[in-house]
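Sequential numbering of the sequence shown, starting at 0, is according to numbering that gives the first Met the number 0.
We put the CB at the ideal spot given by N, CA and C, even for glycine.
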Amino acid sequence: MSVTYIIGFNVRPAQRERFLSLLNGVLDAMRHEAMFVSANFHVDPNDPCHFLLHETWVDHQDVLDVQIKRPYREEWHAALDELLKAPRDISVWQPLRSDSAEVMKT
């Protein structure tokens, strides 16, 4: 069964651009993984240094055993203490339903 991670980030203002650069690199790489389903990245409209990442994978154990250890994540993980004001807020969820708008083709 698939698994969704909701991850909140409070970034140090001086590290915002570096945070975005490193995370975008991870997101660009992970979208090519066979077990990847989707990711959505959000910013708080009232705080440009508060972010939320919503990512879904096919299998939780694969994330723990394989995905977290991918080489493209090394620089990202090593920089987290410098980038963040506080540890990430991570919660794990099991999806029940997913909806999106239908796009009419003409």
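Burial state of L63 is exposed, judged by a 10 Å Cβ sphere holding fewer than 16 other Cβ atoms.
In this structure the region 55–73 does not lie against the region 6–23, because fewer than three pairs of beta carbons, one per stretch, are closer than 8 Å. L51 and D43 have their C-alpha atoms roughly 8 Å apart. DSSP places D88 in the strand class (E or B) of the three-state scheme. Its chain contains V10, R11, Q14, R17 and F18 as the residues whose beta carbon lies nearer than 7 Å to that of L82, once the 5 sequence neighbours on both sides are disregarded; these appear in chain order. With contact defined as three or more Cβ pairs closer than 8 Å, the region 20–34 and the region 68–87 are in contact.
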